[in-house]
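In UniProt numbering, the protein residues as written are 1 to 243.
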């Protein structure tokens, strides 16, 4: 068994950065990851012809100073996403082409419901302190439910629910059921609201596939990555994974 000073669990950007900083400070580190890749919610698929597609996080939003600093540190450039032309959305098998934030071709009831929901989200965001979200008046209540549960309670229109869920899933690369309402409101508030959080404008993106430059693949010592056999709590089978 190899002994190390520190063990970091999770090789997403936060875990990779923590492990790197510890290594730079002279500590020995073991970085553990259950997946067979690093990068966390950044996930890039490379096609046979070499073309890459980001299926996870790729946009850089307002207030995301930490990731911006990492990009500068590792020489990763950014570019404005191409957003000219119409957007397209498919709901209930029907195609909607539109410009702007809301597809006005939806039913008036769905548009009204969606607009009211977006306004309520904006107002909720403004009640959360940036540096201490747990001190918000309804912090405990909002942290007990998921974003998806809030959407289901407040969006009476099926079309409005589906559109809002789809828009937010694109931001967080997760379904609404996987995200705390308090956390989502805090994130949107730091980005000056839902409209600024959503990649509907000419938002900067990382130049090059997001997962490939994992701040770190070039600076992580080889002995950080090794195979580990563990026993799953759910089954008696043994699995081999990269850690």
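Don't be surprised by glycine CBs; every beta carbon is placed ideally from N, CA and C.
Member of the options whose CA lies at the smallest distance from the CA of residue i
| i | options | result |
| --- | --- | --- |
| residue 122 | 82, 48, 181, 97 | 181 |
| residue 96 | 10, 189, 135, 159 | 159 |
| residue 94 | 107, 100, 83, 84 | 107 |
| residue 44 | 36, 163, 113, 56 | 56 |
| residue 186 | 132, 162, 163 | 132 |
| residue 156 | 115, 126, 138 | 115 |
| residue 34 | 15, 26, 27 | 15 |
| residue 144 | 183, 91, 52 | 183 |
| residue 100 | 174, 85, 92 | 85 |
| residue 130 | 64, 152, 92, 91 | 64 |
Proximity below 8 Å, CB of residue i to CB of residue j
| i | j | result |
| --- | --- | --- |
| residue 117 | residue 148 | no |
| residue 13 | residue 60 | no |
| residue 110 | residue 98 | no |
| residue 11 | residue 40 | yes |
| residue 19 | residue 9 | no |
Buried/exposed call for residue i, threshold 16 Cβ in 10 Å
| i | result |
| --- | --- |
| residue 146 | buried |
| residue 21 | exposed |
| residue 24 | exposed |
| residue 48 | exposed |
| residue 54 | buried |
| residue 58 | buried |
| residue 161 | buried |
| residue 38 | buried |
| residue 134 | exposed |
| residue 119 | exposed |
| residue 220 | Residue confidence is low: residue 220 scores 49 on pLDDT, short of 50, so the model does not pin down where it sits. Its coordinate-derived value is still stated next. Residue 220 should be labelled buried. |
| residue 42 | buried |
| residue 72 | exposed |
| residue 179 | buried |
Bridge-paired residues (DSSP) for residue i
| i | result |
| --- | --- |
| residue 97 | 88 |
| residue 54 | 44 |
| residue 125 | Answer by DSSP bridge pairing: none, since residue 125 is not bridged. |
| residue 146 | 180 |
| residue 32 | 9 |
Contact set for residue i: own chain, Cβ-Cβ below 6 Å, skip 5 residues either direction
| i | result |
| --- | --- |
| residue 17 | none |
| residue 28 | 4, 5 |
| residue 128 | 136, 185, 186, 189 |
| residue 31 | 8, 11, 19, 224 |
| residue 142 | 181, 182 |
| residue 254 | Nothing about residue 254 can be reported from this structure: the residues present for the chain run from 1 to 243 only. |
Cut-off 8 Å between Cβ atoms - residues of its own chain near residue i, not counting five sequence neighbours on either side
| i | result |
| --- | --- |
| residue 70 | 13, 17, 76, 215 |
Cβ-based neighbour list, residue i, same chain, cut-off 7 Å, excluding 5 preceding and 5 following
| i | result |
| --- | --- |
| residue 285 | There is simply no residue 285 to check, as the chain begins at 1 and stops at 243 in what is shown. |
| residue 124 | 185 |
| residue 113 | 155, 156, 157, 160 |
Cutoff 8 Å: residue i Cβ touching any chain D Cβ
| i | result |
| --- | --- |
| residue 20 | Among the protein chains of the structure shown there is no chain D, as only one such chain exists. |
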